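Undergrad: Submitted below is the structure of interest, expressed as structure tokens.
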DNA sequence: GTTAATTACGTCGACCGTAAGTATG
DNA sequence: CATACTTACGGTCGACGTAATTAAC
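Residue numbers (UniProt numbering), protein chains in the order written: chain C, 1 to 295; chain P, 1 to 295.
And the structure:
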């Protein structure tokens, strides 16, 4: 059993060439010369004893063997790159946190000052693009996501439940009847929230409506909490929003609660960690997050 | 973003030292000198800018950062080693097939001669230790497993259904009543098969017994098909075995079917491939397997 | 004093860039 | 003839082994 693995250089060259379909293109990406990349490729093929590319017509195309090899090399390199970058970040006291924009601005950022004061050597970077967050190649140290995570390979700790509250502008509330149960909100116009975990749909389902009936209700439909909130402040109707998100608006009076009803959602926020064991910096922040969410 | 990844050498040194807890021990495993390993470790720490080990008392112990890093490095290296070895095997026309011993001896090996004759340049190696097969570090090109695979990361193709037949020694059958339905076998002693997918339990469940009743039935309990078959041949009772397994015994008359009843199991054999795209050699063998199972 | 890790030093080999060579459209 | 991969050549830098050094028990 030969213990000789290809060098990371060779593997990165292979990956780049396979991706680009061209030695020249790959060499530009890698900041190397054509010849260096070409030689790495050849030595890799020599080491494996297999041809990985089909050489023809001034182009390199992946072989069946090359395709199979690439399928394993790419994720392995991704993992190494992620781990290496995480380790580097741990050294520099840098932390990359994935979180939804709404939750970040309304909940995390206001509290972040306290963390930064307690740990001034740690600089926290927020990553709010959830699409990028779910891509395998993206790097983050921990993430706060709503609902069940799609990948099972990482640690997932329950963080906090979400409570929905129905709010409206003070003017609108004055103009309408009192709300005593969940279904009473139907006497007002509704501002709908769209997306996979719709707050308005949760509330209206609880009020006894089915999916079709909810779809047929009139009223504006907004994709983000922020837009929903703005509509409510303009007096367009009742909005259903997480408590953490409307704390400020309730405080300054631009929105008021239309009743004391609360809806605890069936899902909750989870703390996602890309690996079981984590660096001291990550442990610090994750403990702080859990202490925030616990009470 | 620095593109510099550690060399595979450095990573292997790190992994070995973390595993052994000692530079000396690791250097022996790696066929290197102490000093070389020590220097690789230091340069890795320099590259990452993080200490990975706790240096104290003549021993190296993994740091929190080191533990987190190792958690990613180990599977990545495993994947690279597996892929590299697969590629090397593809070049040498060698194929490593994982399969249960019973299925191998009764079904695959008798047919393997045909494959070897058609493709004399391919040498097939069977790996029948299922425990080793499920370990992440073990290398195989394809495997034939019964039931749902536990890992989801690989391709899984349905291969063939399993049909159970009830057999006994000719003498035993003569001494007892005829079997017309599944429950009639209870008039004979039963040879039980133990394990996660028990053939006897499948049959007896079909006959209307619940789990507790099956457990309370008398009769020998054997873990492998081979032992079950031997018991049946000794006249100890009725055995429930896959059709492929008893073909030979039925042919030479050492066992006879006690009825024309067949039980098609709910599970079936699956062809497991560790990756989506595979080498020509693997494709050849997997196509041959599917052509065997299809009719 | 023994064991184990680190440091020092000289050598050898691997990898790179420049540049020439070769094949293709 | 232009483009793109391969091969040749020379230089540099890294990695290794031997051996000396430091530290712990």
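We put the beta carbon where it would ideally sit given N, CA and C, even for glycine. No experiment lies behind these values; they were computed from the predicted model shown.
1) Do residue 147 of chain P and residue 127 of chain P have their beta-carbon atoms positioned less than 7 Å apart in this structure?
2) Please report how far the alpha carbon of residue 142 of chain C lies from the alpha carbon of residue 61 of chain C, in whole angstroms.
3) Hey, which unbroken runs of the beta strand (DSSP E) at 3 residues or more fall wholly within the stretch 7-86 of chain C?
4) By how many angstroms is the C-alpha of residue 172 of chain C removed from the C-alpha of residue 265 of chain C?
5) So residue 71 of chain P contacts chain C; which residues on that side make the cut at Cβ distance below 7 Å?
6) Taking the alpha carbon of residue 76 of chain P as the point to measure from, which residue in C:184, C:288, C:8 has its own alpha carbon closest?
7) Out of C:65, C:28, C:24, C:108, state which residue places its alpha-carbon closest to the alpha-carbon of residue 44 of chain C.
8) Smallest Cα separation from residue 238 of chain C: which of C:244, C:104, C:57, C:228?
9) Pull up the distance between the alpha-carbon of residue 205 of chain P and that of residue 159 of chain C, whole angstroms please.
10) Relative to the C-alpha of residue 89 of chain C, which candidate in P:69, P:132, P:13, P:286 has its C-alpha closest?
11) Just reading off the alpha helix (DSSP H) that residue 204 of chain P is part of, what are its end residues?
12) At 8 Å on the CB atoms, spell out the chain C contacts of residue 215 of chain P, in chain order.
13) Can you give me the start and stop residues for the beta strand (DSSP E) that residue 242 of chain P sits inside?
14) Give, in chain order, every residue of the stretch 223-247 of chain P whose Cβ lies closer than 7 Å to some Cβ of chain C.
15) Per DSSP, what kind of secondary structure is residue 266 of chain C in: helix, strand or coil?
16) Is it the case that the Cβ atoms of residue 277 of chain C and residue 67 of chain P are separated by a distance below 7 Å?
17) If you check the beta carbons only, do residue 199 of chain P and residue 240 of chain P fall under 7 Å apart?
18) Taking its Cβ as the centre, do 16 or more other Cβ atoms sit within 10 Å of residue 242 of chain C, making it buried, or is it exposed?
19) How is residue 158 of chain P classed by DSSP in three states: helix, strand or coil?
20) CB residue 219 of chain P to CB residue 190 of chain P, shorter than 7 Å?
21) Mind pulling the chain P residues with CB within less than 9 Å of residue 49 of chain C?
22) Give the C-beta separation of residue 114 of chain P and residue 59 of chain P to the nearest angstrom, bearing in mind that I take them to be a contact with Cβ-Cβ under 8 Å.
23) Quick one: residues in its chain with C-beta nearer than 7 Å to the C-beta of residue 26 of chain P, no 5 flanking neighbours on either side, listed in chain order?
24) Just the chain C side, please: which residues come within less than 9 Å of residue 155 of chain P by C-beta, in chain order?
25) Enumerated in chain order, which unbroken segments of the alpha helix (DSSP H) with a length of 4 residues or greater are wholly contained in the stretch 105-192 of chain P?
26) I believe residue 169 of chain P touches residue 233 of chain P by the beta-carbon criterion, under 8 Å. Please report the beta-carbon distance rounded to the nearest angstrom.
27) When you compare the CB of residue 280 of chain C with every CB in chain P, is at least one pair closer than 7 Å?
28) In the DSSP output, which residue or residues are listed as bridge partners for residue 4 of chain C?
29) Could you tell me the alpha carbon to alpha carbon distance between residue 163 of chain P and residue 263 of chain P, rounded to whole angstroms?
TA: In short, the structure shows the following:
1) Cβ atoms of residue 127 of chain P and residue 147 of chain P: not closer than 7 Å.
2) Their backbone Cα atoms lie some 38 Å apart in a straight line.
3) You should have 53-56, 59-62.
4) Whole-angstrom Cα-Cα distance: 26 Å.
5) When 7 Å is used as the limit between beta carbons, residue 71 of chain P is near these residues of chain C: 275, 276, 277, in chain order.
6) The residue among C:184, C:288, C:8 with its C-alpha nearest the C-alpha of residue 76 of chain P is C:8.
7) The candidate whose alpha carbon is nearest that of residue 44 of chain C is C:65.
8) The option with the nearest alpha carbon to residue 238 of chain C is C:228.
9) Whole-angstrom Cα-Cα distance: 44 Å.
10) Ranking the options by Cα distance to residue 89 of chain C, first place goes to P:69.
11) Counting along the chain, the alpha helix (DSSP H) containing residue 204 of chain P begins and ends at 199-206.
12) Neighbours of residue 215 of chain P across chain C, judged by C-beta separation under 8 Å, do not exist; the nearest C-beta is about 33 Å away.
13) 239-242 is the extent of the beta strand (DSSP E) around residue 242 of chain P.
14) When CB distances to chain C are screened at a threshold of 7 Å, not a single residue of the stretch 223-247 of chain P falls below it.
15) The answer is strand: DSSP assigns residue 266 of chain C an E or B state.
16) Taking the C-beta atoms as reference points, residue 67 of chain P is found nearer than 7 Å to residue 277 of chain C.
17) Their beta carbons are under 7 Å apart, which means residue 199 of chain P touches residue 240 of chain P by this criterion.
18) So residue 242 of chain C ends up on the buried side.
19) Residue state, collapsed to three classes: strand.
20) Yes, the Cβ-Cβ distance between residue 219 of chain P and residue 190 of chain P is below 7 Å.
21) When 9 Å is used as the limit between beta carbons, residue 49 of chain C is near these residues of chain P: 87, 88, 90, 91, 92, in chain order.
22) In fact, because the Cβ distance is near 57 Å, the residues do not count as touching under 8 Å.
23) Contacts found: 13, 16, 17, 20, 37.
24) Close to residue 155 of chain P, with beta-carbon spacing below 9 Å, lies no residue of chain C; the smallest spacing is near 10 Å.
25) Counting only runs of 4 or more residues that sit fully inside the stretch 105-192 of chain P, the alpha helix (DSSP H) segments are 109-118, 130-134, 170-175, in chain order.
26) Right, their Cβ atoms sit about 6 Å apart.
27) Yes, because at least one Cβ of chain P sits closer than 7 Å to the Cβ of residue 280 of chain C.
28) Answer by DSSP bridge pairing: none, since residue 4 of chain C is not bridged.
29) When rounded, the distance between both Cα atoms is 5 Å.
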